[in-house]
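A.B. asks:
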Amino acid sequence: MNQVQCFLNDAEQRRAEESAVNNWLSELKDAMYKADDIIDLARLEGNKLLVDDGSSSRCSATCIIFQLFTCLPNIQKRQEIAVRIRILNTELEKISKLGERFLKLHNMQPKEEDSVVRRMETCEVVEPNLVGNETLLASTKLVEMILRHKDKKTYKIGIVGTGGVGKTTLAQKVYNDEKMKRAFSLRAWVCVSQGYSKNALLKEVLRKFGIVCKEDETIGELSRKLAAAAEKKSLFLVLDDIWQHEVWTNLLRIPLDTAATTIILVTTRNDTTAQVIGVEDVHRVQLMCDHTGWELLWKCMNINEESEVQNLRDIGMDIVEREIMYGVDLIRFWIVEGFVEEQAGQLLEDTAQEYYTELIYRNLLQPDPIFVGEGRCIMHDLIRCLAQHLSQDECFCGDPQSLDAKSLSRLRRISIVADNGSVMLPDMDKEEIRARTLLIHSDKPTIIVENTIFKRLPYIRVLDLTSSVIKFIPDCIASLIHLRSLDLDESDISYLPESIGCLINLQVLNLQRCKTLNSLPLGITRLCKLRRLGLSETPINQVPKGIGGLKFLNDLEGFPVGHAIANFTQMQEGWTLEELGGLLRLRRLGIIKLEKADHCSTDSVLINKHHLKALDLQCTKHRDEPYSEQEVRNVEETFERLIPPHTLENLDIMNFFAKSYPTWLGTTHLSSLKYLALIYCRSCVHLPAIGQLPDLKYLEIRGATAAGKIGPEFFCCGIGNPGAKEAVAFPKLEKLMIVEMPNWE
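According to full-length UniProt numbering, the sequence shown is numbered sequentially starting from 1.
Okay, here's the thing in structure tokens:
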């Protein structure tokens, strides 16, 4: 497998150009998937043998005799795995040799840089199919900004956005503005792209400046020519589609330093590239609205007849719709698919979060502007279409009934669009479904899924049955040894089988908003690789003891608190706060029913959880009758002891019924806090003193009905520190929401 891996990078680069490479690569990937499945099986059986060996020394003679019979299936299973490995090794060896011969025959070494600048990719001529007012307004703004800085020695401005969003079109408008033409003695437009050549790029700039170059001139000679041409001149240079900052920092910066004034306009997909170049001002090109996208579509298709336009509109509006995703969902998918590499001292989720942020910086994903922070993102249609094209042999999105058995058997990832509210996989005859991922989407409130789906997906790793009408999970789920993620959110399940504990590879289990699910099986505590357990808005009232033994668990939502009751069973009405003590990797935590918490013996339940980023603390929704003094005192003490770590970034407190907030909230202890929501804390008369939280960007206060006014203590002005009056309250606040406060004076 290591030998075969060496071919993948080159083959991936050539697959779009040579169909034979694509066919070879498909065979290779198919074999690698098989290898991955065999490794899973070998690990499973190996763990069973270790358990058997570990217990054998304590067995009685009768037990040893019994094991002589039970070991026969183990031997048979080991032999089966060995045969599969031998067959696969033979297959891999053939593919590897074929690849070596093929690569050598077709010179599949890394390609050298292009010898010329791809000057035909873009030019300074303005795009004729210009639509919407956004580009015109933005170009006017940029021209004014550039002209204000035209007397500076060097001024760099950037246009940043995802591919195909209109960066080049905007730059063309700026470049061709009449004011810009009159303001500079030298102007040049150069399309850089990824495969640029230093020699050809310098010649292109010189050609635009009117300087003739010889064919055999070196980079040094061309640089000296450029310096002489720019000396004491005012120049405007557009570097379009720039990918590497070295184009400016190592190639053009020094020779152009001879100019009297230099204005550089760069267009790039990558924020980091713009930052390293030293761009002073950035204009971010946003995705066009649906109406503008539709206008561009029909203009490009040269359709003028009104009837034709109307016929196309229904289809066209579907094309220009956005694809919206939540960052946490993407991160979980990447982890369970094995895309995230381990980094020393860092959770996989933190590494995946860095991937997500990097994709946003590169503008391959764009944050949804109506969502706080970068928690939800939008994928541009062009990128999505490209991704679908490149993965069409392995991935499918649509109605699976449109596929034949052979096509379906080769797919690894299936996203079903269930427009009719039901999901039925086609009959396969002798073919086997080898899908690793199955996602179901529907506009219907509920989805009907065939009962045999668990038996028909033996290789499944990601199974999303959100909103399905499945009422129970069959015991045969234990055979899905490869399953990493099971999503049953909003489904009709009423119980989970004990056999779910056999899913030793399961990392994500979502059971949110399952209105008829009241208990969790003991088998949950055997899911030793579980990283995420979602229970929010599910009425769980019976849980097994031992949740603290799941050492990899770092995302736990809907943790129901219950009283510690001594009994001889392994079940209880809720978990105690002490059971959180062993979960040191917690990154996201949501606790409910906090009014049921017993007196906690320590303050370190949360404060030692250094990975914790998001915390949701909830009491049960307010009841009609008033709370007793003992209940109020108990919940106040409970919250006071739940001191979060100073690294916490998101905090929600909901239905808190004590008269004052915990003291740790009214200090600068939470110095990393960015998001704070205080929801229906109806008994608190005063708001917490949070005005000096240095990084707070979002603040929501809802339903604080006992609060009559907001005093200076809220802003931390002059409270115990006269000098604090000069401090700026909420220095980074971007969004403030204060609603449902009828007694606010």
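Positions of the beta carbon are idealized from the N, C-alpha and C atoms, including for glycine.
All of these numbers come straight from a predicted model, not from anything done at the bench.
#1: With DSSP collapsed to three states, give me the class of H389.
#2: Quick one: which unbroken beta strand (DSSP E) runs of 3-plus residues sit fully inside the UniProt domain "NB-ARC" (142-301)? Chain order, please.
#3: Would you tell me roughly how many angstroms separate the C-alpha atoms of residue 766 and H441, rounded to the nearest one?
#4: Taking L256 as the reference, give the member of R461, A227, V247 and V266 with the closest Cα.
#5: Is the Cβ-Cβ distance between I95 and L202 less than 9 Å?
#6: Please confirm whether residue 756 and A138 have their CB atoms less than 9 Å apart.
#7: Work out the CA separation of L693 and L733 for me, nearest whole Å.
#8: Can you give me the start and stop residues for the beta strand (DSSP E) that A614 sits inside?
#9: Helix, strand or coil: which one does DSSP assign to V117?
#10: List in chain order: all unbroken alpha helix (DSSP H) runs of 4+ residues lying wholly within the stretch 640-716.
#11: From the DSSP output, read off the bridge partner residues of L589.
#12: At a cut of 8 Å, does the stretch 642-654 reach the stretch 603-611 through at least three beta carbon pairs?
#13: At which residues does the alpha helix (DSSP H) containing T357 begin and terminate?
#14: May I have the straight-line CA-CA distance separating L736 from Y675, to the nearest angstrom?
#15: Relative to the C-alpha of L425, which residue among R412, R585 and P400 is closest?
#16: So, is E321 buried or exposed, given that buried needs 16 or more other C-beta atoms within 10 angstroms?
#17: So for M379, helix, strand or coil by DSSP?
#18: Please classify V728: is it buried, with 16 or more other beta-carbons within 10 angstroms of its beta-carbon, or exposed?
#19: Would you mind stating whether S223 and I242 have Cβ atoms separated by less than 9 Å?
#20: When you compare only the Cα positions, how much space is there between F730 and S672?
#21: If the criterion is Cβ atoms closer than 9 Å, does the pair A31 and E100 meet it?
#22: V449 by DSSP, collapsed to three states: which one?
#23: Classify L584 as helix, strand or coil using the three-state DSSP reduction.
#24: Take V247 and list the residues in its own chain whose beta-carbon comes closer than 8 Å to its own, dropping the five residues that flank it on each side.
#25: Identify whether V328 lies in helix, strand or coil by the three-state DSSP scheme.
#26: For the putative contact between L486 and L506, defined by C-beta atoms under 8 Å, what is the C-beta separation to the nearest angstrom?
#27: Which residues does DSSP pair with P497 in a beta bridge?
#28: With distances taken Cα to Cα, identify the nearest neighbour of R84 among Q572, E45, T249 and K34.
#29: Is T262 buried or exposed, if buried means 16 or more other CB atoms sit within 10 Å of its CB?
#30: Which class does A724 belong to by DSSP, given the choice of helix, strand or coil?
#31: Applying the criterion that 16 or more other CB atoms from any shown protein chain within 10 Å of the CB defines a buried residue, is K75 buried or exposed?
#32: Using only the alpha-carbon positions, how far apart do residue 783 and D492 sit?
#33: Less than 9 Å separating the beta-carbons of P497 and D464?
#34: How is P731 classed by DSSP in three states: helix, strand or coil?
#35: Can you check which of these residues, P560, R682 and N634, is closest to V739 by C-alpha distance?
#36: Would R43 be called buried (16 or more neighbouring beta carbons within 10 Å of its own) or exposed?
C.D. replies: Once the coordinates are examined:
#1: For this step, residue 389 is matched to residue 389 along the sequence shown. H389: helix per DSSP, three-state reduction.
#2: 154-160, 186-191, 234-240, 261-268 and 281-284
#3: Outside the displayed span of the chain (1 to 745) sits residue 766, for which this structure offers no information.
#4: For the purposes of this step, residue 256 is identified with residue 256 of the sequence shown, where counting begins at 1. Among R461, A227, V247 and V266, the Cα nearest to that of L256 is on A227.
#5: Sequence index remark: in the sequence shown, residue 95 carries index 95 (1-based). Sequence index remark: in the sequence shown, residue 202 carries index 202 (1-based). Their beta carbons are not under 9 Å apart, which means I95 does not touch L202 by this criterion.
#6: Any question about residue 756 goes unanswered here, given that the chain covers just 1 to 745.
#7: The residue labelled residue 733 in the question sits at position 733 within the sequence shown. The residue labelled residue 693 in the question sits at position 693 within the sequence shown. Their Cα atoms are separated by approximately 10 Å.
#8: Here residue 614 refers to the residue found at position 614 of the sequence shown. Its beta strand (DSSP E) spans residues A614 to Q618.
#9: On the sequence shown, residue 117 is found 117 positions in, with the first residue counted as 1. Low confidence applies to V117: its pLDDT is 37, below 50, so where it sits in the model is not reliable enough to give any reading.
#10: 712-715
#11: Taking the first residue of the sequence shown as position 1, residue 589 is located at position 589. Looking at the DSSP assignment, L589 forms a beta bridge with L556 and L615.
#12: yes
#13: Position 357 of the sequence shown, counted from the start, is the residue given in the question as residue 357. L348 to Y361 is the span of the alpha helix (DSSP H), which, as asked, contains T357.
#14: Against the sequence shown, residue 736 aligns to sequence position 736. Against the sequence shown, residue 675 aligns to sequence position 675. Cα-Cα distance, rounded: 10 Å.
#15: Against the sequence shown, residue 425 aligns to sequence position 425. If we check each option's Cα against that of L425, P400 comes out closest.
#16: In the sequence shown, counting from the first residue as 1, residue 321 sits at position 321. Any reading at E321 is ruled out, since the residue's pLDDT is 47, under 50, leaving its predicted position unreliable.
#17: Here residue 379 refers to the residue found at position 379 of the sequence shown. M379 falls in the strand class under three-state DSSP.
#18: Sequence index remark: in the sequence shown, residue 728 carries index 728 (1-based). V728 comes out exposed.
#19: Counting from 1 along the sequence shown, the entry for residue 223 is found at position 223. Counting from 1 along the sequence shown, the entry for residue 242 is found at position 242. Not closer than 9 Å, so no.
#20: Indexing the sequence shown from 1 puts residue 730 at position 730. Indexing the sequence shown from 1 puts residue 672 at position 672. Going by the C-alpha atoms only, they are around 13 Å apart.
#21: One-based indexing of the sequence shown puts residue 31 at position 31. One-based indexing of the sequence shown puts residue 100 at position 100. For A31 and E100, no; Cβs fall outside 9 Å.
#22: Translated into the one-based positions of the sequence shown, residue 449 becomes position 449. If DSSP states are grouped into helix, strand and coil, V449 belongs with the strands.
#23: Residue mapping note: residue 584 aligns to position 584 of the sequence shown, counting from 1. Three-state DSSP puts L584 in coil, outside helix and strand.
#24: Start at 1 with the first residue of the sequence shown, and residue 247 comes out as number 247. Once the five neighbours on either side are set aside, the close Cβ partners of V247 are V192, Y196, L201 and L239.
#25: Sequence index remark: in the sequence shown, residue 328 carries index 328 (1-based). In the structure shown, V328 sits in a helix (DSSP, three-state: H, G or I).
#26: Working through the sequence shown from its first residue, we reach residue 486 at position 486. Working through the sequence shown from its first residue, we reach residue 506 at position 506. Confirmed, about 6 Å.
#27: Locating residue 497 in the sequence shown gives position 497, counting from the first residue. According to DSSP, P497 bridges with nothing at all.
#28: Locating residue 84 in the sequence shown gives position 84, counting from the first residue. Checked all of Q572, E45, T249 and K34; the closest Cα to R84 is K34.
#29: Position 262 of the sequence shown holds residue 262. Under this definition T262 is a buried residue.
#30: Reading the sequence shown from its first residue, position 724 is the one you call residue 724. With a pLDDT of 47 at A724, under the threshold of 50, the predicted position of this residue should be treated as unreliable, though the coordinate-derived value follows. A724: helix per DSSP, three-state reduction.
#31: Mapped onto the sequence shown, residue 75 falls at position 75. Before going further, note that residue 75 is Ile rather than Lys in the sequence given. Per the 10 Å Cβ criterion, exposed.
#32: Residue 783 lies beyond the stretch modelled for the chain, which goes from 1 to 745, so this question has no answer here.
#33: Translated into the one-based positions of the sequence shown, residue 497 becomes position 497. Translated into the one-based positions of the sequence shown, residue 464 becomes position 464. Result no, Cβ atoms of P497 and D464 do not sit closer than 9 Å.
#34: On the sequence shown, position 731 is the one that residue 731 refers to. If DSSP states are grouped into helix, strand and coil, P731 belongs with coil.
#35: For the purposes of this step, residue 739 is identified with residue 739 of the sequence shown, where counting begins at 1. Comparing Cα-Cα distances from V739 to each of P560, R682 and N634, the minimum goes to R682.
#36: Residue numbering aside, residue 43 sits at position 43 when the sequence shown is read from its first letter. Per the 10 Å Cβ criterion, exposed.
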